[in-house]
Every structure is written in C-alpha cells, then in structure tokens.
Amino acid sequence: MFKKVNRIFPVILFIAVLSIFSTSWAIYSADTLVSMTNQERAQNGVASLNTNQALTNAAQAKVNDMFANQYFAHNSPSGKTPWDFIHEVGYNFTYAGENLAIGYFDATDLMNAWMNSPSHRENILNPNFQDIGIAVVAGKYEGVDTIIAAQEFGSTGQSQVQSAQSSTTPATPTPTPSPSSQPSFSILPDQSKIAPTSIFAGDQVTFTAAVSGEVKTLDVTLGNLKFSLLDDKNAVSQGNTKTYTIKENISAVGKFTVTLTAKDQAGNEKSVSLGSLEVKPVVITNNSTKANTRFAGFSSTASMVGTFVLAGALMAAIVYLILRRNKLQKLAKASLATWEF
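Rendered as structure tokens:
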C-alpha cells in the first residue's frame, strides 16, 4: 500500500501544480466575445452581427502585428491604421470600427470594460455595423505575459439607418435673403474658446462663443461634425453681447480645426477659428494585471479553482506524511522487538 502511495503522491503534486498554471492561462474564445457582443446589442434593440472570416483575419493580423512590433494602439508605429488591416483582407467596407483591449483574462471583465467606455460601447451598439471579427491572442508585451483582444466591425452595404434617412422627403428650402454689405453682428474671439483642446475619444468638450448683435445661426464645426450653439437656452446676456455655451462628447479620432461660424437674418456670414482639438484614440488596458509575474492576470474564477486544487494537493501531502509516519513507527517497533531478550 505504501509503495503505491509513494508512487502516486508525486503524480498528484505534479497534476496540482500543472492545473494551477494552466488555469491561470485559460483564454476565452473569440466566439465567446461575439456571443456577448450580440447579447449587448439584443438588450439594446440592435440587430445581431454576423461573424465574418475576413474581419476575423484582420483582427488576427492586427494582434499579431502589435505583439511583433510591441505597441498597443489603433495606429501602428509605422502609421498603419485599422482600415489598412481591413482593406488588406479584401473587406471593402462602408462602415468600420475597432475595439482593442489588453490584460483581460476574463471575458466578462473585458466586456464590462468595453461597455463602460463610451467610444467602445458606441462601436458595440452601432446599428451601421453588420459584421464582426475577433481575435484573442496570448503573448509577451513589454516583457509581461498577457492577452490582447481585437474586435473589428464592418458593413459592406448601406445600413438600415442610412436607408431610412435617405428615404425621407427633403424639406423645401427656405429662400435666403441677399446679403447686405455689412453684418449686423460681430464675433468676440477673445471670449470664444474650446476647452480642453486635447481629449480621448468619447470625452466631453465645452464650446463657448460670445457674439455682439443678433444672429440667425451660430455653429461650431470640426471635421464632419457640426453643433449649434443656439441650442444653449441659458445664454448669458450682458448689454448687446450674448455668450453661448454647449458641451458635446466627441468620438471621432484625429486632430481637427475648430471653426465658429455665425450668420444673420440678411444672410451675412462670418467665421473665426477657435484653434484645434486633438482627439486621441481610447484603448482598454487592464493595468491591474501588469505585474511581472507568472501568475499575473488570474481571473476570480481561475484563482478560485487554483486555490481548491492547491488545497487538495496540500491535503494529499499531509495524508501521505501521516501514513509515512505510521509506517516508520511500525518499523521501529518491529526492529525493537527483535532485540528483546
């Protein structure tokens, strides 16, 4: 019996240790993230996405490139964009988007992080997207064993939202009066501004415009975005001057020139530059798993399983030692008996 225990114990201990290490590196599948993404869309009344092999290939290529060149960003150090990866696999998109994450060893934790980020949530719930491809890869980043996940979204045709918008009947244009020689207003540049001038995608920006005189329209534009400051119903008046303030969340990534344009009833128009706004891409990083250790990134479930396995191994060791001690005691007594006279 003891010989059997003696042989089995090292095997039990080896399996226990191996289970702990393998549990810490259990990687969730891309299919799991696709399913969770579609669950979020269903809960928000958005049509499910179809898994697309081309987008899956693009996601895989993107993650491989990040590990190979040791960066974690939407654009590579060489300037390669997500759209380049998608075009290279032959997916000719009308709409496209990308979500990235690093350091998440649990699918639920990752999905919660994406849904709690405005720009990532916008991609997941965007009705313009019809296809999805996901890659989940384990590797070494900056000397640390970790996991990088990439979601690539796309649509090759006109979305339902676009179709609905294009099918509406255009309103009859209002005749514009001939502009007079001089506008009846003036923009006060020293009191008009944007703050902050550098944000991450999804963050909020405050636009302020001060105008002397009456205006019919007062818009701020950056890239393809346009906002009306006349939406501010609490504009502050001081004499003949009104100060308008609006706050908007900006998700478009890039560096934009911000222009303030006003027009009066007679059609006179005037524009001033408010400077530039830099919108940096947001990536999801789980900083809590960046410790340089073999056990970095234990999910709560993996940690629990590993604890139970380790406890079992320790119990087996204790039992083995007890049995071993009893055997030695019996051997000692037998030896003493042979010396009795």
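Following this note's numbering, the numbering of the sequence shown begins with -19 at its first residue and continues without gaps.
Where is the CB? At the ideal position from N, CA and C, for every residue including glycine.
Query, Result
"Start-to-end residues for the beta strand (DSSP E) that takes in Phe217", "Correcting the residue identity first, residue 217 is Ser in this sequence and not Phe. Ser217 -> beta strand (DSSP E) spans 216 to 218."
"Nearest to Gln110 (by Cα), restricted to the options Leu198, Leu29, Gly119, Thr88", "Leu29"
"Own chain residues within Cβ distance below 7 Å of Thr74, not counting five before or after", "Ser135, Thr136, Gly137, Gln138"
"DSSP-derived helix/strand/coil call for Asn44", "helix"
"Within 7 Å, strictly: CB atoms of Gln171 and Lys227", "no"
"Bridge-paired residues (DSSP) for Ser251", "Thr241"
"Buried/exposed call for Leu80, threshold 16 Cβ in 10 Å", "buried"
"Range of the contiguous alpha helix (DSSP H) that encloses Phe65", "62 to 68"
"Among Ala34, Asp86, Gln40, Arg101, nearest to Glu20 - alpha-carbon criterion", "Arg101"
"Distance between Lys260 and Phe52 (C-alpha atoms, nearest Å)", "13 Å"
"Environment of Asp244 [buried if 16+ CB atoms lie within 10 Å]", "buried"
"Identity of the residue in Ala232, Ala27, Thr36 nearest Ala181 by Cα", "Ala232"
"Beta carbon of Tyr71 nearer than 7 Å to that of Ala34", "yes"
"At least 3 beta-carbon pairs within less than 8 Å: the stretch 56 to 68 vs the stretch 201 to 208", "no"
"C-beta atoms of Leu240 and Ala190 nearer than 7 Å", "no"
"Distance between beta carbons of Thr177 and Gly255, contact taken as under 8 Å", "6 Å"
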